[in-house]
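In terms of numbering that gives the first Met the number 0, the sequence shown opens at residue 0 and continues consecutively.
Quick reminder that beta carbons are idealized off the backbone N, C-alpha and C, glycines included.
Input: a single structure, listed below in structure tokens.
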Amino acid sequence: MRVIVVVGARPNFIKVGPLMPALASAGIDARIAHTGQHYDAAMSDVFFSDLEIPAPAWFLGVGSGTHAVQTGTAMMKLEELLSAERPDALLVVGDVNSTLAGALAAAKLGVPVVHLEAGLRSRDMSMPEEVNRLVTDQLSSMLLTPVREADENLIAEGVDAARIHFVGNIMAQSVLENLPRIAQRDVAGAHGLARGGYVLATIHRPENTDQPERLAQIASALRACPLPVLFPVHPRTRPLLAGAGIDGAADSCVSLVDPLGYLDMLALQRDAAAIVTDSGGIQEEACMLRTPCVTVRRNTERAITIAVGANRLAAADARAIVDALAEALAGGREWELPERWDAHVATRVATALLGGVLPLVGYV
Ligand code: UD1
């Protein structure tokens, strides 16, 4: 069986880390096509080296742009690749623009689409990722879900249950496989922080970064934090922070650092007293690492992390974030991990693939 695996952005790389060796052991010829949505060394290369991911067989050089430009360029390049290669399936992961581009290009060529991390829903159509999830899932021949609630979402949208496989959360497997490798890693210490004595912050979503008022509210909450804050900054957020009142000056309690690789970020999450984020993947990693999380969003497609008690939502409002952070810092860490957030997710994916991918009706 020949499968092309599309990746483009940071969270995608983390998901294919455990996947590629499992597919190879199952005898599946899987090769990576990297769209180039993320291209900086700190946003891309470091994940391939940290996670020992095989080098992409194709690098498509799509780069940044508006959503239509980025998605359209990736579609054009992937259409060309798929037409030449004609794989048995195209596997896409997550919910970024490269995921959607892969699904659209493949479905129109009659190449079956396999979606890993299918069925998550925030029910917020102002999120570009929600649009990507909905469309990708409708075009997918096989839907591999991370939580049981995702199966229910898909069935409610009319997806045939025979196409849905509850494989569990691949992000969880990545955490479990890599934790032993960072047992001795003290990234907090390298930044002058004590383990358990700081808050880790990441904010990069346009809904938070592109509205000065919201970013100022988040900045104000971080400045009011009772512990020092370490903030690895996404390139899109960096130029906006000074205007919001965080400049990373040495005397500030908020330290700004460049984006970090996967293993450093895992160590920092493990050792933080709490995490403040708007990332999807970090909500899941924090849950696995038993570090309480505050998610600065109105909603989340990772509702399971709230249900188990690992995470809570806060609006982009200084008071709401301060209160949620106080609750996170005061709370316990003894929640139950969600079902199938374990070290066997990639093997379940391989088994599902070998069971056969049903073509979509009309594309037989
Ligand atoms: C994308 C995903 C988002 C994910 C995030 C993880 C979509 C719609 N969004 O958002 O779901 O949480 O990745 O990081 O796909 N840039 C660089 N260097 C890079 C990449 C980006 O400087 O290597 C800058 C550019 O100014 C670019 C901006 O970041 O325009 C945004 O990048 P883009 O890939 O469009 O979206 P993200 O915000 O990274």
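Distances between the C-beta of P10 and the heavy atoms of the ligand UD1 include at least one below 8 Å. Take the alpha-carbon of L262 and the one of V360: they are about 42 Å apart. Non-local C-beta neighbours of S278 in its own chain, meaning closer than 6 Å and more than five positions away in sequence, comprise T201, ordered along the chain. Put simply, of A104, F230, D28 and F12 the residue whose alpha carbon is nearest the alpha carbon of M42 is F12. Going by beta carbons, L192 and P231 fall outside the 9 Å limit. Burial of Q268 is indicated by the presence of at least 16 other C-beta atoms within 10 angstroms of its C-beta.
Of the residues assessed, L259 falls on the buried side of the cut-off, its CB having 16 or more other CB atoms within 10 angstroms. Judged by the Cβ position, Q268 fails to qualify as a neighbour of the ligand UD1 at the 8 Å threshold, every heavy atom of the ligand being at least this far. Minimum Cα-Cα distance from K107 among the listed residues G64, I181, D341 and S140 corresponds to S140.
For the pair of segments examined, the region 317–336 was found to touch the region 205–224: the number of CB pairs separated by less than 8 Å reaches three. If you compare the alpha carbons of K14, A67 and S97 with that of Q36, the shortest gap goes to S97. Exclusion of Y197 from the 8 Å shell around the ligand UD1 follows from its C-beta lying no nearer than that to any non-hydrogen atom of the ligand. Under the three-state reduction of DSSP output, M124 falls in the coil class, being neither helix nor strand. Within a 10 Å sphere around the beta-carbon of V68 sit fewer than 16 other beta-carbons, which makes this residue exposed.
The Cβ atoms of D136 and N298 do not sit closer than 9 Å to each other. Ranked by how close their Cα comes to the Cα of L226, the residues R194, L99, D341 and A243 have R194 in first place.
For R85, no pairing in a beta bridge is given by DSSP. Rounded to whole angstroms, the separation of the alpha carbons of A88 and E333 is 40 Å. With contacts defined as CB atoms closer than 9 Å, S254 and H343 fail to qualify as a contacting pair. Looking at the DSSP output, N310 shares a beta bridge with C292.
By the Cβ neighbour-count rule, T65 is exposed, with fewer than 16 other Cβ atoms within 10 Å of its own. Straight-line spacing of the CA atoms in S24 and R347 works out to 12 Å.
Per DSSP, P231 is one residue of the beta strand (DSSP E) stretching across V228 to P231. Remark: C-beta atoms of L240 and D246 approach each other more closely than 9 Å. Less than 9 Å divides the Cβ of A29 from the Cβ of R1. With a threshold of 16 other beta carbon atoms within 10 Å, L143 meets it and is buried. When the alpha-carbon of A40 is set against those of G26, G62 and A56, the nearest one is in G62. In this structure, DSSP gives L153 a helical state, which the three-state scheme calls helix. Residue pairing from DSSP places L255 in a beta bridge opposite F230.
DSSP, read as helix, strand or coil, puts D49 in helix. The C-alpha of F47 is placed about 28 Å away from the C-alpha of A272. With 16 or more other CB atoms across the displayed protein chains lying within 10 angstroms of its CB, I303 is buried.
By the CB criterion at 9 Å, E300 and R120 fall inside the cutoff. Excluding residues up to 5 positions away in sequence, T34, V61, S97 and A100 lie with their Cβ nearer than 6 Å to the Cβ of A73 in the same chain.
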